[in-house]
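Novice: Submitted below is the structure of interest, expressed as structure tokens.
Numbering (the numbering used here), first residue to last: 7 to 256.
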């Protein structure tokens, strides 16, 4: 009961797609006050799966999220087309990325994650699905949505339309609050919201230390540098940035 004796408002349920990464931690901190979050983590056979799952669990515990689910999608590893799931392929250095399709691109991944979230949201009675995608996390690499086309506003809008067709009985929206934010702004927002940066993982590889050279590491370095916030992982990789490095956000 509230102090006035009226029943307390129940927070609306929402499914939170979370990888255990930086954006996931900031998104959780941003949305948890107004929503009863149900955290969904998907393992798709990728290299960083064990590390990400560990941090997903620790983030959920830190934020007090009781309703959480881990979902396995083995098809991506079985196909093995992407370097993220095929250990025989090399994860590209961020400076080698250009207009050609990256070996780290995993076609159909975001659509599959959202489909899993829709299934759970329908079961839970949730009206929202939150996803921590940011369209432009460069430099030093290309824009994220150029390397991973599914990380784009156009694709997310089409996905949301498909949700209404696939599940017409109740509106379930797909929301990406960080979509237009450069990485530096995301880090600053996370700092204000006291997001646990120490419980995040951005590297496309696994292990105890990030590689420092992949697109995940490079955009993370740029974000903390732009925000003038120390990164608790602080991996100085082959392309570690300095305060003199030029920041360009297309």
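Beta carbons are placed, not taken as given, at the ideal position from N, Cα and C, and that holds for glycine.
Note that this is a predicted model, so its numbers are computed, not measured.
1) Only counting runs of 3 or more residues, tell me where the beta strand (DSSP E) segments fall wholly within the segment 117-153, in order along the chain.
2) Can you tell me which of the three DSSP states residue 223 falls into?
3) Sort 54, 64, 70, 46 by Cα distance to residue 39 and report the nearest one.
4) Can you check whether the C-beta of residue 166 is within less than 8 Å of a C-beta belonging to chain C?
5) Excluding sequence positions up to five away, which residues of its chain have a Cβ less than 6 Å from the Cβ of residue 25?
6) With respect to the beta strand (DSSP E) encompassing residue 203, which residues constitute its N-terminal and C-terminal limits?
7) Closer than 8 Å by C-beta to residue 109: which residues in its own chain qualify, once you throw out the five before and the five after it? Chain order, please.
8) Report the partner residues of residue 180 according to the DSSP bridge assignment.
9) Who does residue 230 pair with in a DSSP beta bridge?
10) In three-state DSSP terms, what is residue 4?
11) Taking only heavy atoms of the ligand ADP into account, decide whether any of them is closer than 7 Å to the Cβ of residue 48.
12) Indicate the three-state DSSP secondary structure (helix, strand or coil) for residue 249 in the structure shown.
13) What does residue 45 pair with, by DSSP beta-bridge criteria?
14) So what does DSSP say about residue 79, is it helix, strand or coil?
15) On the three-pair Cβ rule with 8 Å, is the segment 187-202 touching the segment 158-166?
16) In angstroms with no decimal places, state the Cα-to-Cα distance between residue 116 and residue 42.
17) Kindly indicate which three-state DSSP category residue 107 falls into: helix, strand or coil?
18) Across the segment 115-134 and the segment 72-86, are there enough close Cβ pairs to call them in contact, namely three or more that are closer than 8 Å?
19) Tell me which residues share the same chain as residue 29 and place their Cβ nearer than 8 Å to its Cβ, disregarding the 5 neighbours each side in the sequence.
20) Residue 114: which of 129, 157, 235 sits nearest, CA to CA?
21) By how many angstroms is the C-alpha of residue 104 removed from the C-alpha of residue 219?
22) Using a threshold of 8 Å, state whether the C-beta atoms of residue 136 and residue 31 are closer than that.
Specialist: Inspection of the coordinates gives the following:
1) 134-136
2) Counting from 1 along the chain shown, the entry for residue 223 is found at position 217. The answer is helix: DSSP assigns residue 223 an H, G or I state.
3) Locating residue 39 in the chain shown gives position 33, where the first residue counts as 1. Nearest of 54, 64, 70, 46 to residue 39, Cα basis: 70.
4) Any reference to chain C falls outside this structure, which holds one protein chain only.
5) As a working mapping, residue 25 is identified with position 19 in the chain shown. 58, listed in sequence order.
6) In the chain shown, counting from the first residue as 1, residue 203 sits at position 197. Counting along the chain, residue 203 falls outside any beta strand (DSSP E), and DSSP gives it neither H nor E.
7) By one-based count along the chain shown, residue 109 stands at place 103. Around residue 109: 88, 89, 95, 96, 97, 98.
8) For the purposes of this step, residue 180 is taken as residue 174 along the chain shown, with counting starting at 1. Note: residue 180 sits in a beta bridge opposite 135.
9) Position 224 of the chain shown, counted from the start, is the residue given in the question as residue 230. DSSP, once it has assigned bridges, lists no residue as partnering residue 230.
10) No answer is possible for residue 4: it lies beyond the span of the chain, which begins at 7 and ends at 256.
11) This structure simply doesn't include the ligand ADP, nor any ligand for that matter.
12) Position 243 of the chain shown holds residue 249. Its pLDDT being 37, under 50, residue 249 is placed unreliably by the model, and the measurement read from it follows with that caveat. It is coil, neither helix nor strand.
13) Your numbering for residue 45 matches position 39 in the chain shown. Paired residue(s): 22, 74.
14) Position 73 of the chain shown, counting from 1, holds the residue named residue 79. The answer is coil: DSSP assigns residue 79 none of H, G, I, E or B.
15) no
16) Residue numbering aside, residue 116 sits at position 110 when the chain shown is read from its first letter. Residue numbering aside, residue 42 sits at position 36 when the chain shown is read from its first letter. Approximately 23 Å between the Cα atoms of the pair.
17) The count along the chain shown starts at 1 and reaches residue 107 at position 101. Of the three classes helix, strand and coil, the one that applies to residue 107 here is coil, per DSSP.
18) yes
19) On the chain shown, position 23 is the one that residue 29 refers to. Taken in chain order, the residues that qualify are 138, 139, 140, 184, 192.
20) As a position in the chain shown, residue 114 is number 108, starting the count at 1. Of 129, 157, 235, the residue nearest in Cα terms is 157.
21) As a first step, residue 219 is located in the chain shown; it is residue number 213 there, counting from the start. As a first step, residue 104 is located in the chain shown; it is residue number 98 there, counting from the start. The alpha-carbon atoms of residue 219 and residue 104 are separated by roughly 15 Å.
22) By one-based count along the chain shown, residue 136 stands at place 130. By one-based count along the chain shown, residue 31 stands at place 25. Cβ distance not < 8 Å, so residue 136 and residue 31 don't count as in contact.
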